[in-house]
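If you read the sequence shown in the UniProt record's numbering, its first letter stands for residue 1, the second for the next number, and so on. For every residue, glycine included, the Cβ atom is placed at its ideal position computed from N, Cα and C. First the structure, in the form of structure tokens, and then the observations on it.
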Amino acid sequence: MSKSRSGSQSPSSATALKPEDVKQEEITKPEEQDAQLPPETPSEPVKPESSPPPKRESSETSTPAPNNRHRRTGPQLIGDLPLAEEEARTTFIEIGDNHYQYSTLGRSREALEGMTCDCQYEPGVGDPSDACGHDSDCINRLTQVECLPEDCRCRSYCQNQRFQRKEYARMEIVLTEKKGYGLRAAADIPKDTFIYEYVGDVVSHPSFKKRMREYAEEGIRHFYFMMLQKDEYIDATKQGGIGRFANHSCSPNCYVAKWTVGKLVRMGIFAKRSIQKDEELTFNYNVDRYGHDAQPCYCGEPNCVGYLGGKTQTDIAAMDDLYLDALGITDEVEKLGLKGSKKRKSKKLDEDYLPEVRPLVDKDVPKVVQAMRQTQSRKVLLKLLTRIKITDNEAAMRQIMRLRGFSVMNNILTDYATDIDISIAALEVMAKWPLIQRNKVEDSKILVPVQACQGSENETMKGLATKLLEYWDSLEVAYRIPKRLKAVCTSSRAAVSS
Ligand SMILES: [Zn+2]
Ligand SMILES: [Zn+2]
Ligand SMILES: [Zn+2]
Numbered sequence: 001m002s003k004s005r006s007g008s009q010s011p012s013s014a015t016a017l018k019p020e021d022v023k024q025e026e027i028t029k030p031e032e033q034d035a036q037l038p039p040e041t042p043s044e045p046v047k048p049e050s051s052p053p054p055k056r057e058s059s060e061t062s063t064p065a066p067n068n069r070h071r072r073t074g075p076q077l078i079g080d081l082p083l084a085e086e087e088a089r090t091t092f093i094e095i096g097d098n099h100y101q102y103s104t105l106g107r108s109r110e111a112l113e114g115m116t117c118d119c120q121y122e123p124g125v126g127d128p129s130d131a132c133g134h135d136s137d138c139i140n141r142l143t144q145v146e147c148l149p150e151d152c153r154c155r156s157y158c159q160n161q162r163f164q165r166k167e168y169a170r171m172e173i174v175l176t177e178k179k180g181y182g183l184r185a186a187a188d189i190p191k192d193t194f195i196y197e198y199v200g201d202v203v204s205h206p207s208f209k210k211r212m213r214e215y216a217e218e219g220i221r222h223f224y225f226m227m228l229q230k231d232e233y234i235d236a237t238k239q240g241g242i243g244r245f246a247n248h249s250c251s252p253n254c255y256v257a258k259w260t261v262g263k264l265v266r267m268g269i270f271a272k273r274s275i276q277k278d279e280e281l282t283f284n285y286n287v288d289r290y291g292h293d294a295q296p297c298y299c300g301e302p303n304c305v306g307y308l309g310g311k312t313q314t315d316i317a318a319m320d321d322l323y324l325d326a327l328g329i330t331d332e333v334e335k336l337g338l339k340g341s342k343k344r345k346s347k348k349l350d351e352d353y354l355p356e357v358r359p360l361v362d363k364d365v366p367k368v369v370q371a372m373r374q375t376q377s378r379k380v381l382l383k384l385l386t387r388i389k390i391t392d393n394e395a396a397m398r399q400i401m402r403l404r405g406f407s408v409m410n411n412i413l414t415d416y417a418t419d420i421d422i423s424i425a426a427l428e429v430m431a432k433w434p435l436i437q438r439n440k441v442e443d444s445k446i447l448v449p450v451q452a453c454q455g456s457e458n459e460t461m462k463g464l465a466t467k468l469l470e471y472w473d474s475l476e477v478a479y480r481i482p483k484r485l486k487a488v489c490t491s492s493r494a495a496v497s498s
């Protein structure tokens, strides 16, 4: 998911112009934006690599000094900033759910291997978190899929329907000092809490390009685009939710992630760590957006890289912790001091920094699967596939399959159908997965893209696909208790035990 808010961190500056905003505007000329549009088929967010961080005449704007008032050991608190709910809401049309340009947009492309998890919960007996909660082993939750009310055996106790129930965190819109409007936590928020859904118009790639151009012509300075999935974008520029007011930070307390809800993919803002009341809610635009110019950053964090924009998912300094963890390089990056600094030129994955990738053990698996589902970066994806490929640990491979590994591979082979390296890596990975039955192969519909690989002109790819199909052909489909019967069995068991 990439969000392109080409304007800046000051979405409100159209109505609340301040000297700082004017400077930012000089840096962000609408004509320049066109040059930075993503290509037709962005396999990786395109960034203005060619545009270095803006040189500014006065050094005091280039290194925004953290306000002394905010000097602290804990997080920055902005409880004293004025509320701006009403003014902020006049700048856009608020909608509760996404509007789809066509009914085919926003559809999940994964053929999920069933949407029902194995969680069970008896009120008063088990831990309430067993009901698909944060610490549960819920397969849906771990694979970023919401339970559906009609399917989940935990019924109304299920804690994994947060988008559907609009379980938003309490927050306020405030006017910040240098960044226009922002969001402030109105209560303490635990780590991984769902904070808000990022909603807007879901549009196709050609419409995204057209809108960027039109907005520039209309003189709109702040765009709010976020990539939903390949070739699809959420545009919250003219209509959307208040999630659009979350500003950038180099050390953010939130992250965005896409979740599957029924047949749709939806984008949410989540707490990256536990957040205190009165903290500003921020996420990392450098990870989640592209197509905008570099401009000064006012996040005030010690690791501030000095500007935002012009970074990619492969810039180590700006890379999200999820990807560092999934690649298994968090400690190494820390040791080498690659994580965020104004002074040093950021190192790029594989170009200036070639990490040593180690095999997986099963506890690494959920993050790796999540990172594969979330990343827009081809390079990060190839590295993750390599990591799985060199893994011989059977427990880890089984855990990948349990966490819908075949569905993920189906998605990858479809999105990267013309990419030989990615396709070959995905086929090699699956060739190692130990299967006894054919069920997961059938359920995930992985045969379709693998058969397409078999038709490839590339001999290696063709050979790998043929072998894989032969292997799967040799397996039998195990009988499964139909879901309805299973529900009856479960409820009768519950009746007996109660
Ligand atoms: Zn569950
Ligand atoms: Zn559930
Ligand atoms: Zn910063």
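Would you report the Cα separation of residue i and residue j, rounded to the nearest angstrom?
| i | j | result |
| --- | --- | --- |
| residue 89 | residue 245 | 10 Å |
| residue 426 | residue 390 | 12 Å |
| residue 357 | residue 175 | 44 Å |
| residue 226 | residue 266 | 11 Å |
| residue 319 | residue 257 | 14 Å |
| residue 230 | residue 270 | 21 Å |
| residue 308 | residue 247 | 11 Å |
| residue 478 | residue 420 | 33 Å |
| residue 424 | residue 76 | 47 Å |
| residue 385 | residue 429 | 7 Å |
| residue 136 | residue 370 | 16 Å |
| residue 101 | residue 218 | 21 Å |
| residue 261 | residue 98 | 13 Å |
| residue 382 | residue 253 | 28 Å |
| residue 412 | residue 165 | 30 Å |
| residue 275 | residue 243 | 16 Å |
| residue 418 | residue 339 | 33 Å |
| residue 458 | residue 465 | 11 Å |
| residue 388 | residue 220 | 45 Å |
Bridge partners for residue i per DSSP, in chain order?
| i | result |
| --- | --- |
| residue 282 | 247 |
| residue 163 | None; residue 163 has no bridge partner. |
| residue 264 | 107 and 261 |
| residue 100 | 202 |
| residue 235 | 201 and 225 |
| residue 94 | 240 |
| residue 437 | 476 |
| residue 270 | 194 and 255 |
| residue 302 | Residue 302 is not bridged to any residue. |
| residue 81 | Partner(s): none; residue 81 has no beta bridge. |
| residue 392 | Bridge partners of residue 392: none, in fact. |
| residue 349 | 353 |
| residue 295 | 308 |
| residue 135 | Bridge partners of residue 135: none, in fact. |
| residue 145 | 260 |
| residue 189 | 275 |
Pick out whichever of the options has its Cα sitting closest to the Cα of residue i.
| i | options | result |
| --- | --- | --- |
| residue 300 | 250, 396 and 155 | 250 |
| residue 169 | 186, 155 and 325 | 186 |
| residue 439 | 416, 454, 404 and 458 | 404 |
| residue 281 | 460, 407, 255 and 480 | 255 |
| residue 453 | 476, 444, 437 and 410 | 410 |
| residue 314 | 116, 354 and 198 | 354 |
| residue 351 | 380, 469, 392 and 125 | 380 |
| residue 414 | 434, 401, 402 and 445 | 445 |
| residue 81 | 180, 216 and 469 | 180 |
| residue 122 | 155, 103, 85 and 333 | 155 |
| residue 239 | 471, 79 and 96 | 96 |
| residue 103 | 264, 329 and 92 | 264 |
Tell me whether the beta-carbon of residue i lies closer than 8 Å to the beta-carbon of residue j.
| i | j | result |
| --- | --- | --- |
| residue 432 | residue 397 | yes |
| residue 203 | residue 211 | yes |
| residue 259 | residue 163 | yes |
| residue 192 | residue 235 | no |
| residue 503 | residue 139 | Missing from the structure shown is residue 503; the chain here goes from 1 to 498 and no further. |
| residue 378 | residue 278 | no |
| residue 150 | residue 161 | no |
| residue 106 | residue 197 | no |
Output the boundary residues of the beta strand (DSSP E) element that contains residue i.
| i | result |
| --- | --- |
| residue 185 | 181-185 |
| residue 175 | 171-175 |
If I follow the unbroken alpha helix (DSSP H) through residue i, where does it start and stop?
| i | result |
| --- | --- |
| residue 381 | 378-389 |
| residue 409 | 405-415 |
| residue 424 | 420-431 |
| residue 332 | 330-336 |
| residue 139 | 139-142 |
| residue 155 | It is not in any alpha helix (DSSP H) - residue 155 carries neither H nor E in the DSSP assignment. |
| residue 366 | 365-374 |
| residue 449 | 447-454 |
| residue 323 | 321-327 |
Do we get a CB-CB distance below 8 Å when we pair residue i with the residues of chain D?
| i | result |
| --- | --- |
| residue 217 | Although the question refers to chain D, the structure presented lacks it and comprises just one protein chain. |
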